[in-house]
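Undergrad: Numbered by the working numbering, the letters in the sequence shown go through residues -7 to 216 in order.
We put the CB at the ideal spot given by N, CA and C, even for glycine.
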Amino acid sequence: MIEFRRIVVGPLATNCWVLHSSGAALLVDPGDDPDRVLAAVADLDVTAILLTHAHFDHVMGVDAVATALDVPVLGHRAEEDVWRHELTFLKENGHFDAGLDTAKLLAEGVPLTPNTSLWHGTFDRYVTDTVRVGPVDVRVLHTPGHTPGGVTLALPGHLFTGDTLFPGGPGLTGWPLSDFRTIIESVRGLLDFPEDTVIHPGHGPDTTVGTEKPALPDWIARGW
């Protein structure tokens, strides 16, 4: 049996997830606030960090947390290109790329700059079909679109979708390397899960497959 905890971190209120079983834990998307993340897992044996994708708001805490815990960082091979884009954008513009929301967030005073050391950007291991959490194998689904290497973690009754699927629609695709048609195909696959499956997104509250599935045609029609 796997249990989980949510830690909301950073200026964009990223959901960092802790999946744990028999004392062992997988840390998902430690996007900021490394001291808070470390305190939240102090009673667990964290064996790895996994990134659902490599946008800055899911990555900024990775270096500090991985160093403190001495654990590997896992993700999809294609996400290394995404993080390279993030670092290049930061160097050229003085802040990270928040897609179509960048100007709005900067105008609101939301910090889009790092406040801790930054991850070097090379995964210690690439994820494939499963990842181990204690005695349990968790399914890893490739769900591209928001980014080319986005992944979702699937447990019986639960999907940890990163920025692929939220209450009210798919993740935004206003970034370089993102694609709306691709994310729609990923979302179709997620909405094939049983209707009582809980969706745990990368930001905001949970929802269910049954709640979101009827709206798919509307999402396609609106184009985002």
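Does D24 come out as helix, strand or coil in the three-state DSSP assignment?
TA: Three-state DSSP puts D24 in coil, outside helix and strand.
Undergrad: Compare the C-alpha of G194 against each of L82, G2, G149, I(-6) and name the closest.
TA: That would be G2, whose Cα lies nearest to the Cα of G194.
Undergrad: By the three-class DSSP mapping on this structure, what secondary structure does A17 have?
TA: A17 falls in the strand class under three-state DSSP.
Undergrad: Is L11 helix, strand or coil when you go by DSSP?
TA: DSSP places L11 in strand when its eight states are reduced to three.
Undergrad: Can you tell me whether P206 is helix, strand or coil according to DSSP?
TA: Note: P206 maps to helix in three-state DSSP.
Undergrad: Return the residue from the list L11, D49, P159 that minimises the CA-CA distance to G126.
TA: Ranking the options by Cα distance to G126, first place goes to L11.
Undergrad: Under the rule that 16 or more other beta-carbon atoms within 10 Å means buried, what is W216, buried or exposed?
TA: Looking at its Cβ environment, which holds fewer than 16 other Cβ atoms inside 10 Å, W216 is exposed.
Undergrad: Enumerated in chain order, which unbroken segments of the alpha helix (DSSP H) with a length of 4 residues or greater are wholly contained in the segment 94 to 168?
TA: Fully enclosed alpha helix (DSSP H) runs of 4 or longer: 94 to 99.
Undergrad: Please state if the CB of V190 and the CB of G149 are separated by a distance shorter than 8 Å.
TA: It is a contact, given that the beta carbons lie within the stated cut-off.
Undergrad: What is the DSSP secondary structure of T199, counted as helix, strand or coil?
TA: In the structure shown, T199 sits in a strand (DSSP, three-state: E or B).
Undergrad: If you run the structure through DSSP and keep just helix, strand and coil, what is D49?
TA: Note: D49 maps to helix in three-state DSSP.
Undergrad: Would you call the CB atoms of I153 and L183 closer than 8 Å?
TA: Checking the displayed sequence, the identity of residue 153 turns out to be Thr instead of Ile. Cβ distance not < 8 Å, so T153 and L183 don't count as in contact.
Undergrad: Three-state secondary structure (DSSP) at G181?
TA: Three-state DSSP puts G181 in a helix.
Undergrad: Locate the alpha helix (DSSP H) running through E84, then write down its first and last residues.
TA: Per DSSP, E84 belongs to the alpha helix (DSSP H) from 71 to 85.
Undergrad: Can you confirm whether the segment 85 to 101 touches the segment 26 to 42 when touching is taken to mean that 3 or more C-beta pairs between the two stretches lie within less than 8 Å?
TA: Result no; under three Cβ-Cβ pairs closer than 8 Å.
Undergrad: Grab the span of the alpha helix (DSSP H) containing V33 for me, first residue to last.
TA: Premise fails: V33 is in no alpha helix (DSSP H) and is neither H nor E.
Undergrad: For R(-3), which beta-bridge partners are listed by DSSP?
TA: Partner(s): V10.
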